[in-house]
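Residue numbers (the numbering used here), protein chains in the order written: chain W, 5 to 505; chain R, 5 to 505.
Number of protein chains: 2
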Amino acid sequence: MSALAAYDRLLTQSREAFLLATTSALLAWDQETNLPKGAGGVRAKQLALLAQLQHERMVSPRMAESLAACESDADLLADAERAANVRELRRDHDRATKLPASLVGELAETESKAQHAWAAARSAGDYRRFRPWLDRMIRLQRQKADCLRQPGQSRWDALADLYEPGTTAAGLTALFGRLRERLTDLRQKARDGAVGDASFARVEVDEARQEQFVRAVVQSMGFDFQRGRIDRSAHPFCTTTGDDVRLTTRFRRDNVLDALGSTMHEAGHGLYEQGLEPAHRGTPLGETCSLGIHESQSRFWENHVGRSAAFWSWCWPLAQRTLGTVCNGHTADSVFRSANVVRPSLIRVEADEVTYDLHVMVRFELEREMIDGDLGAPDLPSRWDRLYESYLGIRVPDDRSGCLQDVHWSCGLFGYFPTYTLGNLYAAQLAAAMDRSLGGLAELLRTGRFEVVREWLRRNVHRHGRRHRPAELCLLATGSPLSAEPFLQHLERKVAVLHPG
Amino acid sequence: MSALAAYDRLLTQSREAFLLATTSALLAWDQETNLPKGAGGVRAKQLALLAQLQHERMVSPRMAESLAACESDADLLADAERAANVRELRRDHDRATKLPASLVGELAETESKAQHAWAAARSAGDYRRFRPWLDRMIRLQRQKADCLRQPGQSRWDALADLYEPGTTAAGLTALFGRLRERLTDLRQKARDGAVGDASFARVEVDEARQEQFVRAVVQSMGFDFQRGRIDRSAHPFCTTTGDDVRLTTRFRRDNVLDALGSTMHEAGHGLYEQGLEPAHRGTPLGETCSLGIHESQSRFWENHVGRSAAFWSWCWPLAQRTLGTVCNGHTADSVFRSANVVRPSLIRVEADEVTYDLHVMVRFELEREMIDGDLGAPDLPSRWDRLYESYLGIRVPDDRSGCLQDVHWSCGLFGYFPTYTLGNLYAAQLAAAMDRSLGGLAELLRTGRFEVVREWLRRNVHRHGRRHRPAELCLLATGSPLSAEPFLQHLERKVAVLHPG
Numbered sequence: 005m006s007a008l009a010a011y012d013r014l015l016t017q018s019r020e021a022f023l024l025a026t027t028s029a030l031l032a033w034d035q036e037t038n039l040p041k042g043a044g045g046v047r048a049k050q051l052a053l054l055a056q057l058q059h060e061r062m063v064s065p066r067m068a069e070s071l072a073a074c075e076s077d078a079d080l081l082a083d084a085e086r087a088a089n090v091r092e093l094r095r096d097h098d099r100a101t102k103l104p105a106s107l108v109g110e111l112a113e114t115e116s117k118a119q120h121a122w123a124a125a126r127s128a129g130d131y132r133r134f135r136p137w138l139d140r141m142i143r144l145q146r147q148k149a150d151c152l153r154q155p156g157q158s159r160w161d162a163l164a165d166l167y168e169p170g171t172t173a174a175g176l177t178a179l180f181g182r183l184r185e186r187l188t189d190l191r192q193k194a195r196d197g198a199v200g201d202a203s204f205a206r207v208e209v210d211e212a213r214q215e216q217f218v219r220a221v222v223q224s225m226g227f228d229f230q231r232g233r234i235d236r237s238a239h240p241f242c243t244t245t246g247d248d249v250r251l252t253t254r255f256r257r258d259n260v261l262d263a264l265g266s267t268m269h270e271a272g273h274g275l276y277e278q279g280l281e282p283a284h285r286g287t288p289l290g291e292t293c294s295l296g297i298h299e300s301q302s303r304f305w306e307n308h309v310g311r312s313a314a315f316w317s318w319c320w321p322l323a324q325r326t327l328g329t330v331c332n333g334h335t336a337d338s339v340f341r342s343a344n345v346v347r348p349s350l351i352r353v354e355a356d357e358v359t360y361d362l363h364v365m366v367r368f369e370l371e372r373e374m375i376d377g378d379l380g381a382p383d384l385p386s387r388w389d390r391l392y393e394s395y396l397g398i399r400v401p402d403d404r405s406g407c408l409q410d411v412h413w414s415c416g417l418f419g420y421f422p423t424y425t426l427g428n429l430y431a432a433q434l435a436a437a438m439d440r441s442l443g444g445l446a447e448l449l450r451t452g453r454f455e456v457v458r459e460w461l462r463r464n465v466h467r468h469g470r471r472h473r474p475a476e477l478c479l480l481a482t483g484s485p486l487s488a489e490p491f492l493q494h495l496e497r498k499v500a501v502l503h504p505g
Numbered sequence: 005m006s007a008l009a010a011y012d013r014l015l016t017q018s019r020e021a022f023l024l025a026t027t028s029a030l031l032a033w034d035q036e037t038n039l040p041k042g043a044g045g046v047r048a049k050q051l052a053l054l055a056q057l058q059h060e061r062m063v064s065p066r067m068a069e070s071l072a073a074c075e076s077d078a079d080l081l082a083d084a085e086r087a088a089n090v091r092e093l094r095r096d097h098d099r100a101t102k103l104p105a106s107l108v109g110e111l112a113e114t115e116s117k118a119q120h121a122w123a124a125a126r127s128a129g130d131y132r133r134f135r136p137w138l139d140r141m142i143r144l145q146r147q148k149a150d151c152l153r154q155p156g157q158s159r160w161d162a163l164a165d166l167y168e169p170g171t172t173a174a175g176l177t178a179l180f181g182r183l184r185e186r187l188t189d190l191r192q193k194a195r196d197g198a199v200g201d202a203s204f205a206r207v208e209v210d211e212a213r214q215e216q217f218v219r220a221v222v223q224s225m226g227f228d229f230q231r232g233r234i235d236r237s238a239h240p241f242c243t244t245t246g247d248d249v250r251l252t253t254r255f256r257r258d259n260v261l262d263a264l265g266s267t268m269h270e271a272g273h274g275l276y277e278q279g280l281e282p283a284h285r286g287t288p289l290g291e292t293c294s295l296g297i298h299e300s301q302s303r304f305w306e307n308h309v310g311r312s313a314a315f316w317s318w319c320w321p322l323a324q325r326t327l328g329t330v331c332n333g334h335t336a337d338s339v340f341r342s343a344n345v346v347r348p349s350l351i352r353v354e355a356d357e358v359t360y361d362l363h364v365m366v367r368f369e370l371e372r373e374m375i376d377g378d379l380g381a382p383d384l385p386s387r388w389d390r391l392y393e394s395y396l397g398i399r400v401p402d403d404r405s406g407c408l409q410d411v412h413w414s415c416g417l418f419g420y421f422p423t424y425t426l427g428n429l430y431a432a433q434l435a436a437a438m439d440r441s442l443g444g445l446a447e448l449l450r451t452g453r454f455e456v457v458r459e460w461l462r463r464n465v466h467r468h469g470r471r472h473r474p475a476e477l478c479l480l481a482t483g484s485p486l487s488a489e490p491f492l493q494h495l496e497r498k499v500a501v502l503h504p505g
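Have a look at this one:
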């Protein structure tokens, strides 16, 4: 078989895996949005079968043959696009083949049971119910890391590389050290200064008006409803189910800013998915680069747009039209302040921009101790509480708002949390580059010219797919390697405006 | 391998095919209810891949081995349940293996293109656009029949057997001959008598009220919303996507009786699916018996319940509560009359109970001439129009309301239409048996005791799955072989009440 024929076959295999993956995505989307409460037993089996079929394709000897044939042909690899597809499919193939089927099965079963145990423990506020499952999960994650890691690589690094290629604990420690120090300063400054005006955060607005409002914003952002939709689910998410992209959101009567922030966040993810090149659909060049880069897109729209004074200047007339009389007595500026209250809290997903990453750093510490060190499930709660006091300056009243607060570890997601902070850093660095390149981001937001912003992201991030690894993409899009500086400068400017004291 | 081990393996293979089939059902359901307009290219590919994976499993040598091992073990086949599962999986396996992959592929592609051509031809009112596709479809259906048919079996019979096992043109001709004669008499009698009161059929009701009304009726029928849902689509349907059952319906502002009839029809299908034994899920014993039996369940609820005076006596207070002031000036009796106007029409799906089957007979004639005779696409419209004049006594003004009226033939559904009439006959025979066995069906409907009706159907029809072939199931459930008498008696009683002239 010629190298070109092998390459064509490789892409056909990749596209088939994509069809299975997006079918799984529809099964999962439907489970969160539509599946009746009394159903579900069959859905878990459908998802398990589809995952197995996808895995079989990814580890198949036919794919190994196709890859080997492509890799041995210098002419083929001289083409940058083909080389990138081959490189990324090699990565996916190797990752899949390194894990024995028995471990994959045990992980899947333990994840499913651990999630149930976690939900029961959280609901009862009784950590002991989750403890044996966390111990089992730590043991399995170490086994998984042992299968994946290169000689000399730490276990945690091997897991983190799954989510953000190239991430190392050493690199993050360097990045996080200085970041933590200056975020702590900012937290202090914001606390000592005037407290932001939170009054708009709690106005009561019925769901229909909230929905009209957030849909209008998402439409203005350029989300394509001809190839996408918005539905409701308990936890907002974004998924691609084929050639369409689906966001979900939620509405709380007394928190329209939460609905707006969540929806802009998911729409940021959605614009990335919609901005991929259709011609590359089903191959790595048509997939997103990494979880950190994905998160940069959501956090860019949520924070750099949705929490900016310029955006509120544009958005305020729309809010008044759609939300009605609750807007009386408020102004664009007062709502901008409501959207930017800094207050250390217990729950990461509800955190402000200044304290958010301190939560992530706590998790990073704990994970390394669990995976590379000797922290076990029995000691997790006390260690958690100590780190929260040290990093955020607050006391954790109970495990429900402490170490049981979210589902990640019961799902087997270790090495995942840092992508949230990487997303924040990439977002700020992209915003700064865009600001320079477009001659002022704020003016574009103030005048609602979101298409210019979106096109910049499409050109510099979206359309590349997985052509570049995240570090390289960052360098190409912003002109510099990833740094915490743009993020800190963004926050320092904002805190200076809001808390000039 | 022991026969029991082979049987277990066979069921595992069957359950895996079920997971793929229900995943396809979700992809198809979503396409009709949720898929954004600009998407769809990937959906067709996902459906094609899932169909191929399901087909591969059904024709696999492993399944052939499992079947052979089971069939050679007399002890295993002495168990009636196991014997039924083996018999039905043999039927599915043989049907799948008889069709060469090349023909399956050509059929799938032609069906897809023919549907587009049909939609374009219908929209333009130009039959010529569809004509070459119909000719191609006839040729492929004949090829398909040649692959499937037993020695001495006609082509049309081989196709009809796919949808209703045991159906033959000879048997239907005997059944239809007398039926046609007496339906023609009834049509005449209804036309000569007083015209039914159609005034309630055209009242204007907003969609929200219509939806509240039909949901309340479906709830009363006992449809389990914990394992099911109702959504909207252009054409109502019912599908099983795992352990849940999904109906769709539609609302027209000026036709609440259409929404009610369509929804009760689909809910009848849904109750059948929900009434299957969960323990047999994924195996033939947990599947529905045939399309004719399936249609008997929908037509029973649509016509024997929803178009009865007893039902309207129960339903009228509910209608008044939910539909509001449009009910003023109407009574349970006048609405019962509105729901039973007999008027020969051009379109099968809008036909009343008396003339509905005359449409089916026209199709039966035409199909036999196309598949077993020499009727080709060029002569179809004139032949169609002549038969409509002869059977229904009406002139067809154009092909759009004539031979282009529905999608079946462009989808490759030949041999399918008679299941609609078989459904009507089974439904009437089941209703008569139920009436005897429960001591009066009308009283149960008048008092809203639908659970008694539903449980009778569950006990006598639903729970058997594919244990019996349709003819045997009919005999077991009603005590008699299928006959047109109960159906004709039902209609004659109704026409006598409505048109006593």
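In this text, a Cβ means the ideal position worked out from N, Cα and C, and glycines have one as well.
1. Identify the contact partners of W:D248 in chain R, using a Cβ-Cβ distance below 7 angstroms as the criterion.
2. DSSP three-state label for R:I234, please.
3. In the segment 222 to 235 of chain W, which residues sit with their C-beta less than 9 angstroms from some C-beta in chain R, listed in chain order?
4. Anything in chain R within Cβ reach of W:Q50, meaning under 7 angstroms, just list it in chain order.
5. Among the residues of its own chain, which have a CB less than 6 angstroms from the CB of R:L264, if the five just before and after it don't count?
6. Using a Cβ-Cβ cut-off of 8 angstroms (strictly less than) and excluding sequence neighbours within five positions of W:E281, which residues of its own chain qualify?
7. Going by C-alpha distance, which of W:D410, W:S28, W:D98 is nearest W:L166?
8. 8 angstroms is my cut-off, CB to CB: does W:E69 come that close to chain R?
9. Whole angstroms is fine: what's the gap from W:N332's alpha carbon to W:A205's?
10. Going by DSSP, what residue range makes up the beta strand (DSSP E) through R:V249?
11. Can you check whether the C-beta of R:D34 is within less than 8 angstroms of a C-beta belonging to chain W?
12. State yes or no: is the C-beta of W:Y203 within less than 8 angstroms of the C-beta of W:S342?
13. In chain W, what lies closer than 9 angstroms to R:V46 by C-beta?
14. Could you tell me if W:L479 is buried or exposed, where buried requires 16 or more neighbouring beta carbons within 10 angstroms of its beta carbon?
15. Look at R:T267 and R:W33 and say whether their C-beta atoms are less than 8 angstroms apart.
16. Under 7 angstroms Cβ-Cβ, which residues of chain W neighbour R:L190?
17. Curious, which full-length beta strand (DSSP E) runs of at least 3 residues does the segment 239 to 294 of chain R contain?
18. Name the chain R residues whose beta carbon is nearer than 8 angstroms to that of W:L31?
19. For W:L54, which residues in chain R fall below 8 angstroms Cβ to Cβ?
20. Mind checking whether the beta-carbon of R:W413 lies closer than 7 angstroms to any heavy atom of the ligand HEM?
21. Which of the three DSSP states is assigned to W:F217 in this structure?
22. Which residues in the same chain as W:A164 place their Cβ atom closer than 6 angstroms to its Cβ, once the five residues preceding and following it in sequence are excluded?
23. Going by C-alpha distance, which of W:Y131, W:A72, W:E36, W:S441 is nearest W:A381?
24. At a cut of 8 angstroms, does the segment 314 to 334 of chain W reach the segment 207 to 215 of chain W through at least three beta carbon pairs?
25. Please name the residue, chosen from R:S414, R:A355, R:H120, R:D402, that lies closest to R:Q145 on a Cα-to-Cα basis.
26. Determine the DSSP secondary structure at R:P136, reduced to helix, strand or coil.
27. What whole-angstrom Cβ distance do W:Q58 and W:L24 have, given they're in contact under 8 angstroms?
28. Are W:G129 and W:D402 close, meaning C-beta to C-beta below 8 angstroms?
29. Is W:R497 helix, strand or coil when you go by DSSP?
30. Indicate the three-state DSSP secondary structure (helix, strand or coil) for R:V63 in the structure shown.
31. Under a Cβ-count criterion, where at least 16 other Cβ atoms within 10 Å of its own Cβ denotes burial, should W:I351 be classed as buried or exposed?
32. Between the segment 253 to 260 of chain R and the segment 223 to 239 of chain R, do three or more beta carbon pairs fall short of 8 angstroms?
33. If the criterion is Cβ atoms closer than 8 angstroms, does the pair R:T482 and W:V46 meet it?
34. When burial is assigned at 16 or more other CB atoms within 10 Å of the CB, is R:P490 buried or exposed?
On the basis of the data shown:
1. L39, P40, A43
2. strand
3. Flagged, chain order: D228, F229, Q230, R231, G232, R233, D235.
4. L23, T26, T27, G246
5. V218
6. L289, G290, R467, G469
7. W:D98
8. No, because no Cβ of chain R sits closer than 8 angstroms to the Cβ of W:E69.
9. Near 14 angstroms, if we compare the C-alpha coordinates of W:A205 and W:N332.
10. Note, R:V249: beta strand (DSSP E), 249 to 253.
11. True, the Cβ-Cβ gap to chain W drops below 8 angstroms.
12. First, the amino acid is wrong: residue 203 of chain W is Ser here, not Tyr. The answer is yes: Cβ separation under 8 angstroms.
13. F22, L23, T26, T245, G246, D247, D248, R285, G286
14. Exposed, by the Cβ-count rule.
15. no
16. Simply none; closest approach about 42 angstroms.
17. 242 to 244, 249 to 253
18. T27, L30
19. T27
20. Absent from the structure shown: the ligand HEM. Ligands present: none.
21. helix
22. Closer than 6 angstroms at Cβ, skipping near neighbours: T171, G419.
23. The option with the nearest alpha carbon to W:A381 is W:Y131.
24. Contact annotation: the segment 314 to 334 of chain W touches the segment 207 to 215 of chain W, with at least three C-beta pairs closer than 8 angstroms.
25. R:S414
26. helix
27. 4 angstroms
28. yes
29. helix
30. coil
31. exposed
32. Touching, yes.
33. no
34. buried
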